[in-house]
Structures are given as C-alpha cells and as structure tokens.
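Here the structure comes first, spelled out in structure tokens, and everything after it is commentary.
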Amino acid sequence: MGDVRQRANRTPVVRRTVPEGKDSPLQGVGQATLDKLGKLGIDSAFDLVLHLPLRYEDETHLYPIAHAPLDQTVLVQGTIMRAEVQQRPRKTLICRVGDPSGDLSVRFLHFYGSQVKALSPGKKLRLLGEIRRGFFGAEMIHPRYRIVEDETPLAEALTPVYPTTAGLSQDALRRLILRGLAAEDLSETVPESVLRALGFASFAESIALLHQPPPEAPRRELCDRSHPAWRRIKFDELLAQQLSMRLHHERRRSRQAPVLAGSGRLTGPLLAALPFALTGAQRKALEDISRDLGQPHPMQRLLQGDVGSGKTVVAALASAQAMENGFQAAFMAPTEILAEQHFRKLAGWFGPLGVNPAWLSASLTKKEKEAALRQVADGTAQLAVGTHALFQDQVAFRRLGLVVVDEQHRFGVEQRLALRNKGLQPHQLMMSATPIPRTLAMSYYADLDVSVIDQLPPGRTPVVTKLVADTRRDEVVARIRRACEAGAQAYWVCPLIEPIPSLPPPGKAESDFATRSRRGRAKGEDAEAAQLQTALETHRSLSETFPDLRVGLVHGRLPAREKAEVMAAFQNGEIQLLVATTVIEVGVDVTNASLMVIEHAERMGLSQLHQLRGRVGRGAARSVCILLYQNPISDTARARLKIIYENSDGFEIARQDLRLRGPGELLGARQSGVPMLRFADLQQDTDLLEAARQAAQQILRCAPEMAERHLQRWFNRRQDYLKA
Ligand code: ADP
Ligand code: MG
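In terms of the numbering used here, the numbers along the sequence shown are unbroken and rise by one, the last being 740.
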C-alpha cells in the first residue's frame, strides 16, 4: 500500500532537462529500457541509487538439501543425477539433484531445448527456491538456477529484490543499479555533527547497506524500513523537504510587498460596530496578521481555527487594514455559496463605513461582470469578493495589497504557488477550518506562518451528536417537525444528487464537493452510488411529509443565481428545512439553524462530517446533529462514526482521520505539484521529522553550502518547484 502511494505521487513533475553526462550509467541504455525505468520513476543516475529494494533473497548461505527448511526461499546445491523430459500429464523437465545429505526433484514446466541440453547429469546446480513436500518427495518448482563449479563463490551480500515493471528483469535492474552506485557521487551532504547527534551512518554506507546488505543484516528491519540505514534515507528526504520549505520562507522575506501599517481609521469603526467583542484567540491572531502586514515583505500566514471559531471577522479586519493604506483586498472562497455569504457579510460590515465591495461571481450577467471588473481595475472597489474567478487573469487590480483565501485546503499548494508567481506581491492570508495535523503542518506547510484560533466565541452550546440507524427515520422526521414548529431551522444533508453517468473533467464542478470527491473513483462505485438516496428524491418526499413547511433544495448543479436565492431564503427564515448536498459543507453560517440530519454518514470522511456538523451550533440554541447510517455497517465505518460521536475538537478529529486514511488523501490530489514523500511516513516517522526540522535550521545557519548540495541531490529535477 505504502509503495503504491509513493509511486503514484512520484510522477516526475519536471522532466530531465540536463542530459545525463557521458559516463552516466544510463549512457547507452536503449530507449525501451529507459521508458521502463521512467515508469519506475527512474530518470537519472541518482534515481537508480534511490531505487531501494522491497526485500532480499539470501544467496550467501547453502543449506544441505535434507535439512533445508520447507516453504521458504532457500539456496541449495547439488549434482544432477538424472534429467528427463516427461510428456504426461504435461510436458515437464525433471532433474534429480543430490548432495551428500539427500536429494530433490526440480521441475520446469516452461523450458527450452537448450536447457535440456545444459542440465545434463554430472553438472553442478545451484538452486534458489522453495522446497515443497510433493507426492514424490522433496521438490522445487521453477527455481532460479545456475550451473556452477565447486569453487564458484557464494554471494557476499543479500540479493536485493527491487520494485520493477514488466519486461525489466531483476538482473537487468540490479546491473544498472550497481553501475549507478559506482558512478554517482554519494559523498556526505549532512554535517558530521548532525549525524553524530542522531547516530546515523554516512549516506554512502547507508545506501550501500540497503542495496547490498551483509548476510547477517536483520532482514525484517530492512523490509519494514525501520533499519537505521532506512531511517537515514528517510531523514535525508525529510531534511530536503524542510530545507526547501525554509528557503521558500527566506526567499519570501527578500521580496517586496506594500507596507500596510494599521492606522485604525477603518478597523476602529468596524470593531466598534460589531455586535460582539473579539475573543482572546481572535485578537491574538489579528495581532500576528497586523504585524505581518506592516512588514515590507509579503505575509503568508495560515489562519487555522475550528469551524465556527470566527475566522471571517479576523480576515475582514485584516482587509480593513489594507484598505486604510489605500490598497485593495481580495476575498476568495471555494464555492459560490460561501463567496456569496462572505459578500453579504462584508457588505453589511463595510457598507456603513463607506466601503462597497465588488462581487465577482459566475452568476453575474456579462454587463454586471464588466462593471465589477472595471471597479476592481480602477480601484473604486477597495474590496473584491468572489470564487476562484478571482484567480483568472482577466481580473486586474489597481493596487492589490492583501489576498484572503478562505478554506485554503480547497485550493491546494499549487494554486498557492501560482498566485504567488503572478508578479504581484500582495500579502496573503489563508484560512482553514480543516485543521492540518501537526506533522503535516510541519512538513507540507512548513513555509507558512501559522496563527491558530483555539477558542470558540462564548455562548455556544456544543452540538449534541446522535447516531441513528436509517430504520428509525420516522423518529427523525418527528423531531424535525417539532423543531421547525418551535421556530428553529434544519438542514437535511444528502451525499449526492443523482447517479452521475460520467466523471466530470478536471477543473469542472469545483463547487460541488460531492461531485469532486467522486472523481477518480472506480467505476464499480458508481453503481453503489446510484443506490444512495438522492437529494432530489429526499426533497420530494420531505416536501410531501411536511406540506405546511417550506422545504428548500440546494445542490452543486443548481445555477449560481438559484443557489444564492435559496440560501438567502434560508438565511432569512423563509425556508425552514433545507435539503442540501455537501455544497454546504464549507463555511455556511446560518445562526438560526439548530438541527442537522446527515444521511449515509457512514460513507463520509471524518473531516467532512465535522465540517458539516459545524453548520449548526452557531447560535445560543441547543443544537443537534443526527448521523443517519445504514445497516449493515462495516467495522471501519463504525470506528469512524465513533470518533465523530466522541469528539467535537476538529484537531483531534483530523488527527484521527490522518491515522485512518493517511496523509495522501488528506492533502488531496490537488497538491500534486509538491514533491511528495517517497520514503518517510509522516505517521511513523514523526521523530525523524522533528529531527529534520531542527537540523534544517542548524544547517542553513552553519553550513549553507551543504544545504545547497543536499537539495541538489534530492530535488535536482525539481528546480522549478524550488524557485517558485
Ligand atoms: P469560521 O471560523 O468557521 O469561518 P465564522 O467566521 O463564520 O466562523 O464565524 C462563525 C459565527 O460566529 C459568525 O456568525 C460570526 O459572526 C460569529 N462570531 C465571530 N466572532 C465572534 C465573537 N468573538 N463573538 C461572538 N460571535 C462571533
Ligand atoms: Mg469560515
């Protein structure tokens, strides 16, 4: 599993640009073989060095035939006593081979005439394979064999078995790798002092040990990658990542951004007009941001806070600070619904202060859009709100000072880098309610500064979570009726709107998570998905059940304008019950909604459930979230629901989610522009991550030339990324 993930993530982002030198071990290798190597992620001599074995075979030790253990790979040697081709039941070449301790039969079902000739009585045969007790005694089927002389030496090292691909034999791969090992510069790139403190052997020794372990090396630790040599390689990989992230960080400090010192001209009145006081955690985050904005280099700060912790108002205050300085601010959200909601909220806050935000949305008419773009371009709009339409080249700002990216995890690192490269150097504030577990924050997000809002606004009553089997739907329906009659509002969340015949092309349907998350799944799951109760049906049946209530419907395929209308109607209480797909997952803030039903909760990701649940419990009223599940339910699904039932802290949930699913999925395919880890495992190797983090700091301070060489070694063909 681990290997599959690494391979998948290792598609070379940048192809080799510098041809390998004359004495490269890849010199003279045919194109067909190069292509096969390419499939394995091997594009350079150094990739050969880092192509590490999956396991090993032991050809250093001969067993006497009679005493060799059964059913495991062993090496034996003996003289051919008899060799014959049997015709029935199928054509088989059978050799009887014996040593002083005993003998066995060797059977070949596929063989050439030349083999029959070569394997003649009297020859000495060395065999590697498993001995089984067959009907006619001990036998080996299709062993690897070699004709030897008495004095042919045994292997001195364990024989590596490499991950390979069809048409590329282990022997061919081994030969290439040996050439790579001999040709490549394996000199040390980590200072002696760091190695000593961590108790690591040199890079060259560690690499040599992994490719050619001595006979007594512990094979189990080599295979489960806990051996010190493996840890050294993982450390180096993590170190490269840490160094590159720190360099990003430093490079940022060398770039110019507008100094946006706070004057209080806008922030003061905005704070005074808010119906609440900021929490301590919000104030502290705002201080961090305010300080960064006053610096002459671009801020890149991640504002992390659990659902409902009040990130929006902090970002609004940051935008106000930019505007105080005569600069524009851009506010971006991943979905129309969320962008629209931000727009309303910001317009409500800033309107009375004389600032009118521009609204950039897919739902605008051509004319409206042109007008909005003009305002952004000539600077009349000091604040612009929209979806990633804002990313588009056509949006030109007059003086962009700050970009706020809400729900950053939806955009991914690639976009984060893309925006940075646009030639603009605005400050950036990224917000995420999907808490990034510490290990991920330390690795993939290490180039960002982070502020955390670790406190919810006062007066919230925690959401009560209930797990209810689908068979008890009636009770749930009764509960909704009671709640709505008492003036509350409710969500009914369905996992998807209808069976989707084909997967949308990348880049489409961004606004519907239900659709997006399905991309890339196996076809068989579509049939399964078709069984899910659709939101359309649910809406119909709930409308019938509650003729006296207004039941609304919102999903990702609704035109933007209709979506906005439904959300507005729910916001101001005209709709009491809102049937929705997971489009409402992020950010939606309707304080009066205090009941949520989530169907097929057993099929959803933990963080997603947590996000959804965060849509209720936003007011003072006691809120309830009902997770409907369908029996029979698998053990993993049960374990997941238990986590969400027992925890209300998003950080803890994300941590457990990471444990269950692995970081690849959490990061998402969108982050594919980032060099992923091939060797290190963020869950198992946290100690190495910490060590690499500290070492990176030390090396950049004391031995920057080594840092340079280390990065060269690990990212030689990913320079583009490093320069971003
Ligand atoms: P999130 O961090 O999930 O984006 P929001 O910014 O949407 O959270 O805030 C959730 C709700 O809490 C909003 O209705 C917001 O106006 C309100 N809120 C934010 N800060 C405070 C506060 N300090 N006291 C009371 N309510 C607050
Ligand atoms: Mg939010």
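We put the CB at the ideal spot given by N, CA and C, even for glycine. Being a predicted model, the structure only gives us computed values, none of them experimental.
I'd like the list of long-range same chain contacts for residue i, defined as Cβ closer than 8 Å, with 5 residues on each side in sequence excluded.
i    : result
L144 : E73, E75, T89, V90, L91, P159, R160, Y161
F380 : A quick correction: the sequence has Leu, not Phe, at residue 380. Here the set comprises A388.
V392 : Q344, A374, L376, A400, V411, A412, F413, R414
S335 : A345, F347, L362, L399, L418, V420
A302 : Looking at the sequence itself, residue 302 is Leu, so the reference to Ala does not match. Taken in chain order, the residues that qualify are L294, V330, L333, A334.
S136 : I96, A99
S771 : Examination of residue 771 is not possible in this model, given that the chain is present from 17 through 740 alone.
Within a Cβ cutoff of 6 Å, which residues of the same chain sit near residue i, ignoring the five residues on either side of it in sequence?
i    : result
Q672 : I659
Q357 : none
L170 : T76
A551 : C510, I513, H571, V595, T597
V419 : A346, P442, Q444
Q776 : Residue numbering for the chain in the displayed model covers 17 to 740; residue 776 lies beyond these limits and cannot be assessed.
E200 : A61, F62, V65
V210 : A711
L683 : Only weak support exists for where L683 lies, its pLDDT of 47 falling under 50; the value from the coordinates is given anyway. Answer for L683: no residue qualifies.
H626 : G666, I669
Using a Cβ-Cβ cut-off of 7 Å (strictly less than) and excluding sequence neighbours within five positions of residue i, which residues of its own chain qualify?
i    : result
A485 : Y645, N647
L369 : L282, P285, L286
A609 : Q505, A506, Y507, R631, V632
T175 : Y72, E73, E75
T554 : W508, C510, V595
L657 : L483, A617, E618, L643, Y645
E100 : I110
R764 : Because the chain spans 17 through 740 in this model, residue 764 falls outside it and cannot be assessed.
P478 : G633, S664
How long is the line joining the alpha carbons of residue i and residue j, rounded to whole angstroms?
i    : j    : result
L698 : E706 : 10 Å
K482 : A363 : 37 Å
L716 : R729 : 16 Å
V164 : L727 : 46 Å
W246 : A182 : 27 Å
H67  : I58  : 8 Å
K250 : L704 : 8 Å
S203 : E253 : 16 Å
R577 : T351 : 13 Å
K52  : P41  : 15 Å
A636 : T561 : 28 Å
L558 : D490 : 11 Å
G523 : A696 : Because G523 sits at a pLDDT of 33, beneath the cut-off of 50, its placement in the model cannot be relied upon, and the following sentence gives the value as read from the coordinates. Using only the alpha carbons, I get a separation of about 31 Å.
A723 : A712 : 8 Å
K382 : V421 : 25 Å
P244 : F216 : 7 Å
F366 : S279 : 17 Å
E581 : T328 : 22 Å
L56  : P179 : 8 Å
R267 : R317 : 15 Å
A349 : Q624 : 17 Å
P69  : Q43  : 23 Å
K139 : V132 : 12 Å
A499 : M583 : 19 Å
A378 : L238 : 55 Å
G475 : R212 : 54 Å
C641 : T607 : 14 Å
V776 : A224 : Residue 776 is absent from the model: the chain starts at 17 and stops at 740.
Does the CB of residue i have a neighbour CB from chain B at under 8 Å?
i   : result
P85 : In the displayed structure, chain B is absent; only one protein chain is listed.
Using 8 Å as the Cβ pair cut-off and three pairs as the minimum, do the segment 258-270 and the segment 459-469 touch? yes
Query raised in the report: Can at least three beta-carbon pairs, one atom from the segment 93-110 and one from the segment 121-140, be found at a separation below 8 Å?
Result: yes
Is there contact here, the segment 580-598 with the segment 559-568, by at least three beta-carbon pairs under 8 Å? yes
**Prompt:** Are there three or more Cβ pairs, one per stretch, closer than 8 Å when the segment 653-667 is compared with the segment 317-331?
**Reply:** yes
Query raised in the report: Does the segment 76-88 come within contact of the segment 191-205, defined as at least 3 CB pairs closer than 8 Å?
Result: no
Considering only residues of the segment 264-332, which uninterrupted alpha helix (DSSP H) runs meet the minimum length of 4 residues and lie entirely inside it, listed in chain order?
283-289, 296-309
Cβ pair count under 8 Å reaching 3, the segment 266-276 against the segment 441-450: yes
Quiz item: Which ranges does the beta strand (DSSP E) cover as unbroken runs of at least 3 residues, wholly within the segment 71-117, from first to last along the chain?
Solution: 71-73, 89-102, 108-115
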